[in-house]
Amino acid sequence: MRASSVAAQLKAILGCMRQILPLAALLVVLVPSAWGLPPADKSDATPPAPLTAPSPDGDAAARHAKRTACLKEAKAKKLVGAQKSAFLRACFTAP
Numbered sequence: 157m158r159a160s161s162v163a164a165q166l167k168a169i170l171g172c173m174r175q176i177l178p179l180a181a182l183l184v185v186l187v188p189s190a191w192g193l194p195p196a197d198k199s200d201a202t203p204p205a206p207l208t209a210p211s212p213d214g215d216a217a218a219r220h221a222k223r224t225a226c227l228k229e230a231k232a233k234k235l236v237g238a239q240k241s242a243f244l245r246a247c248f249t250a251p
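Residue numbers (the numbering used here): 157 to 251.
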């Protein structure tokens, strides 16, 4: 394919896009009102839930230490695949 034909095709595509974009924007604005839908009201939207602060008792640190110990034990036992998954699941849930 010659460069001049590629340039001509690209120019034609961009010309079509310039004509279609305003029409698409107009449809986005007018179609909901034509269907009788109310405009989106953001004032009655529920506010996002506040982020919870980490617990001061070090729960996350304890879980991380337990997870690390379980992973090291699984590696020492040379477990792989489903056996490793089952072992880790049981290890994580153990007290």
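Ideal Cβ positions, reconstructed from N, Cα and C, are used throughout, including at glycine.
Values in this document were obtained by computation on a predicted structure and should not be read as measured data.
Three-state secondary structure (DSSP) of residue i
i: lysine 233; result: coil
i: proline 251; result: coil
Contacts around residue i, its chain only, beta-carbon distance under 8 Å, and the 5 residues preceding and following it disregarded
i: leucine 244; result: Cys226, Leu227, Ala230
Contact set for residue i: own chain, Cβ-Cβ below 7 Å, skip 5 residues either direction
i: leucine 235; result: Phe243
Sequence-distant residues of its chain with Cβ nearer than 6 Å to residue i (five each side left out)
i: lysine 240; result: Ala230
i: lysine 222; result: none
Distance cut-off 6 Å: residue i Cβ against heavy atoms of the ligand HEM
i: cysteine 247; result: The ligand HEM is not part of this structure, which contains no ligands at all.
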